[in-house]
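For the sequence shown, numbering that gives the first Met the number 0 gives the first residue as 0, with consecutive numbering after it.
From the three backbone atoms N, C-alpha and C, an ideal C-beta is built for every residue, glycine too.
No experiment lies behind these values; they were computed from the predicted model shown.
Report on one structure; see the data block that follows.
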Amino acid sequence: MSFELPSLKYNYNAMEPFFDSKTMEIHHTKHHQAYIDKANDALIDMPELTILHIEELIKKINILPENKKTILRNNAGGHFNHKLFWTFLKPGTILHGNLKKAIEKKFGNLEKFKTMFEENAMNRFGSGWTWLIKKNNELEIVTTANQDNPLMGTISGTEGYPIIGLDIWEHAYYLKYQNRRLDYIKAFWYIINWEEAELRFNQKNY
């Protein structure tokens, strides 16, 4: 079974004016598709791995053969991260429920959480991701380089279950925000899908 580009549940202009339509289209159809194509190519001679769900493959990155580890870390990782990312976007949702309580318990309030998330995203040198993860049933904010994901474990420098994640590669924002990464990060709060985050928080102990 080959990986396929997931359809979005919204139009490319649905995140305007925060994420522009052209960037969304290129990000989805070009960047995400490229990760899928390269991951599928790498798996052609490893049929035993093609039966795995992408999340299960990500969790096995550490034990893959050395000649496949890097290419799948980058490209299966890129596919998985972007597959998640599209679900993290939905304008007009509100933080509520158990996740709201957990954020307030861990960070004090939502504004303090946002500030800490922004600081982590700004301090990630180069390309990568910023995540809110669940670890030992506690919340943490972490960053990963390139297309690493906390589910990869030690190879990513962190470990946990992603609740939300923000792509901080330049391809995610440069057409609209150029070098203004912080403006892009702050725009995320207007279109973050808190409903999806709440579902992810509630569905697993980690």
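Step through the CB atoms of chain C and report whether any lies within less than 8 Å of the CB of residue i.
| i | result |
| --- | --- |
| G125 | In the structure shown, chain C cannot be found, because there is only a single protein chain. |
Using only alpha-carbon positions, find the residue among the options that is nearest to residue i.
| i | options | result |
| --- | --- | --- |
| L7 | H31, P16, S1 and F17 | H31 |
| N145 | I190, F18, E169 and Y9 | E169 |
| F87 | L63, K175 and Y9 | Y9 |
| I25 | A171, L181, E194 and D182 | A171 |
| K134 | W85, N201 and E47 | N201 |
| I67 | P46, F112, P149 and L131 | Residue identity check: residue 67 is Lys in the sequence provided, not Ile. The candidate whose alpha carbon is nearest that of K67 is P46. |
| T92 | D147, L71, M14 and N148 | M14 |
| I162 | G156, L131, T143 and E139 | L131 |
| E118 | L181, I190 and G96 | L181 |
| N39 | D19, W193, F18 and G77 | G77 |
| K104 | F124, I70 and N136 | N136 |
| N73 | W128, N178, N192 and A196 | W128 |
Locate the alpha helix (DSSP H) running through residue i, then write down its first and last residues.
| i | result |
| --- | --- |
| A77 | Note that residue 77 is Gly in the sequence shown, not Ala. Note, G77: alpha helix (DSSP H), E65 to T86. |
| Q202 | W193 to Q202 |
| M23 | S20 to I25 |
| G96 | G96 to F106 |
What first and last residue would you give for the beta strand (DSSP E) that runs through residue i?
| i | result |
| --- | --- |
| A144 | E137 to A144 |
| Y160 | Y160 to D166 |
| H132 | Contrary to the premise, residue 132 reads as Ile rather than His in this sequence. G127 to K134 is the span of the beta strand (DSSP E), which, as asked, contains I132. |
Secondary structure at residue i, three-state DSSP: helix, strand or coil?
| i | result |
| --- | --- |
| E15 | coil |
| K89 | coil |
| I190 | coil |
| S1 | coil |
| T157 | coil |
| Y9 | coil |
| F179 | Sequence inspection shows Arg at residue 179; the Phe mentioned does not correspond to that position. Three-state DSSP puts R179 in coil, outside helix and strand. |
| H52 | coil |
| Y34 | helix |
| F112 | helix |
| D40 | helix |
| Y173 | helix |
| K59 | coil |
| M151 | helix |
| M121 | helix |
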